[in-house]
Amino acid sequence: MKEHKHSFLDKPARTILVMTLPVLGTAIAEPLTSLADTCFLARLGSTPLAALGIATSILSGAFWVLGFIGVGIQTLAAGAQGEGDKDLLQRRVGTALVMAGLLSLLMVVLLPFLGVISEAMGATGELGETAVEYMRIRLFGAPAVLVGFAAFGALRGVQDMRTPLYISIGINALNIILDPLMIFGYGPFPEMGVAGAAWASVISQWLGLAWAVTALRKKIGFRLCLHRPTLKYLLATRRDMFIRTGSLTFFLALATRKATQSGDQAAAAHQVVRQLWFFTALLLDAYAVVGQSLVAYFIGQDDRAQARKAAAHTILWSMGSGIVLALLLLLIEEPAVRLLVPADAAHLIAGAWLISSICQPLNALCFATDGVHWGTGDYGFMRNTVVAATAAGIVGLHFIDPASPDCLRRIWLVCVYTIILRGVPGLLRIWPGFGKAPLRRGKE
């Protein structure tokens, strides 16, 4: 049985905004916690802050590579809802949860190699030891993170954007409360420094997972199983997303390594710009999440004309928001630098901040088109585009001299270059639709 008439058909702009606002709230919550970590640890000096940057770069990369499970199940859940098949929906969701739990066990493999990975990122001595300590603790939260990805993806697939918002606010609010208690030591808590920030994250993530699974069972229901077609789809998604995300992660890790080679102060400044860039990226990615659900829903109903319309609205709203974000970042630069950057690193950040700010509309285009391609299941195209852009970015990083006084500015110029190489082909894939474009006119 088909679902009732979707609100997008009559009020597309309103539907996009109503769906996007809760995702924006969710997107804001997590990076605000990262910024809180940055703010608290900046009080301990450049070395702890640089260690946090290296550790989170490695861990977020690992989680990001395995986060395909959330992307895949969101498309599958939206398609099942579009078809009106509740049994299929529950089987798909149950399979994603089981697969996420099994994947989380793979993270244990990283434990013996954390020191080597940290050293490869340019972190040695006290800097490397601090980064490894943080990562060892955070790995205890790996199952909560990955199963949480699957739960959030399933909820968003059925276009429930509010529940992930409430859970994310709860997780991150608890993290921010625990941070100063465990970093600096108050009341019954000992002073743990960087390790305290890691434990605050782990505790919050596990409590958030319990909430997410309970909400998922109530909203959708699920059958813990290995549904073969779903498993096959997710494994195919894993292959393409692993290559795509692995390429991006490798590039971002090389960028962090290059900044670290330039010195602790440059690494600390890079950490601040990187966190703000991820913060705005997650804000703009809210449109990608909504676009993915809407496009997959209408494809599930075999209505590609409405899927194209959803793609157009998503991209336009995203780019408009990107322009607003660029202006805001330029306005808040001075107070943000005073708050977030250690005094000995403040002189290095100006050029990188400017570049990161003015590239926001390009980020918006790139992320919105990604969401459309996720919704159509066009993972192979995304993989190839990102690999090509990343290869060009790696070449660019190679020619940057770490001893150069404008090393950080050049790193961020290369980052913008890779965004352009992803966003422009992504748009052309949708309009006019080259190659085997799923949304090309004439495919109805």
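Note that the sequence shown covers residues -6 to 437 in the working numbering. Ideal placement from N, C-alpha and C gives every residue a C-beta, glycine not left out.
The Cβ atoms of L28 and F272 lie closer than 8 Å to each other.
Linking G284 to L276 through their CA atoms gives a straight-line distance of about 14 Å.
Runs of the beta strand (DSSP E) spanning 3 or more residues and lying entirely within the region 334 to 369 do not occur at all. H306 is classed as buried because its beta carbon has at least 16 other beta carbons within 10 Å across all chains shown. In summary, H(-1) is buried, with 16 or more beta-carbon neighbours lying within 10 Å of its beta-carbon over all protein chains present. DSSP places I387 in the uninterrupted alpha helix (DSSP H) bounded by 372 to 391. Here F61 really is in contact with M234; their C-beta atoms are around 3 Å apart, less than 8 Å. Annotated as distal: S97 and D337, with beta-carbon spacing of 8 Å or more. The C-beta of G118 has fewer than 16 other C-beta atoms within 10 Å across all chains shown, which makes the residue exposed.
Taking C-alpha positions only, G75 is separated from D296 by approximately 10 Å.
One Cα belongs to I348, the other to C32, and the distance between them is close to 22 Å.
Residue burial annotation: D399 is exposed, with fewer than 16 other C-beta atoms found within 10 angstroms of its C-beta.
Distance check between R250 and each of L120, A281, G214 places L120 closest, using alpha-carbon atoms only.
Counting C-beta pairs closer than 8 Å gives three or more between the region 223 to 237 and the region 53 to 70, which meets the contact rule. Taken in chain order, the whole alpha helix (DSSP H) runs of length 4 or more contained in the region 259 to 296 number zero. With the rule of 3 Cβ pairs closer than 8 Å, the region 382 to 390 does not count as touching the region 203 to 216. Ranked by Cα distance from V282, the options S311, R433, Q258 are led by S311.
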